[in-house]
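**Q**
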């Protein structure tokens with residue numbers, strides 16, 4: 002649950018099966034959402050592929066990107082077959 006305090010999400014890396022089924026080579030699956038991310042519209046099952054246009058391949062990279070952000074962070078999320086940008090105002 003890194004990044005939980007600011008962003009409000011719990012994530013895990015994609016499994017090998019998920020990488021194959023989604024055609025993604027990296028990403029973090031959102032398992033639990035609260036706070037700032039929930040208000041912004043992030044949902045469990047979303048796959049975070051980038052933060053502020055920087056690909057994130059690990060929980061550590063996500064935490065680092067969020068820590069370097071100002072008051073808002075732009076998440077690029079894969080949801081079903083769509084990629085959407087979700088701006089999150091950090092709490």
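In our numbering, the protein residues as written are 2 to 92.
For glycine and all other residues, C-beta sits at the position ideal for the given N, C-alpha and C.
1) Nearest by alpha-carbon distance to residue 73: which of 46, 48 and 40 is it?
2) Please confirm whether residue 31 and residue 50 have their CB atoms less than 8 angstroms apart.
3) Hey, how far is the Cα of residue 27 from the Cα of residue 17?
4) Taking the beta strand (DSSP E) that residue 83 belongs to, which residues open and close that run?
5) When every heavy atom of the ligand PLP is checked, does at least one fall within less than 7 angstroms of the C-beta of residue 42?
6) Can you give me the C-alpha to C-alpha distance between residue 45 and residue 34, rounded to a whole angstrom?
7) For residue 63, does the three-state DSSP call read helix, strand or coil?
8) Quick one: measure Cβ to Cβ for residue 59 and residue 14, integer angstroms, because I've assumed they're closer than 8 angstroms.
9) Alpha carbon to alpha carbon, how far is residue 62 from residue 20? Give it in angstroms, no decimals.
**A** According to the data block:
1) The residue you call residue 73 lines up with position 72 of the chain shown. Nearest of 46, 48 and 40 to residue 73, Cα basis: 40.
2) Residue numbering aside, residue 31 sits at position 30 when the chain shown is read from its first letter. Residue numbering aside, residue 50 sits at position 49 when the chain shown is read from its first letter. For residue 31 and residue 50, no; Cβs fall outside 8 angstroms.
3) On the chain shown, position 26 is the one that residue 27 refers to. On the chain shown, position 16 is the one that residue 17 refers to. Roughly 10 angstroms between the two C-alpha positions.
4) Along the chain shown, read from residue 1 onward, the residue named residue 83 stands at position 82. It spans 83 to 90 - the beta strand (DSSP E) in which residue 83 sits, taken as one unbroken run.
5) The ligand PLP is not among the ligands present in this structure, which contains no ligands whatsoever.
6) Numbered from its first residue, the chain shown carries residue 45 at position 44. Numbered from its first residue, the chain shown carries residue 34 at position 33. Residue 45 and residue 34 have their alpha carbons spaced roughly 6 angstroms apart.
7) Residue mapping note: residue 63 aligns to position 62 of the chain shown, counting from 1. Residue 63: helix per DSSP, three-state reduction.
8) The residue labelled residue 59 in the question sits at position 58 within the chain shown. The residue labelled residue 14 in the question sits at position 13 within the chain shown. The C-beta distance from residue 59 to residue 14 rounds to 7 angstroms, short enough to meet the 8 angstroms contact threshold.
9) On the chain shown, position 19 is the one that residue 20 refers to. On the chain shown, position 61 is the one that residue 62 refers to. So the alpha carbons of these two residues sit roughly 18 angstroms apart.
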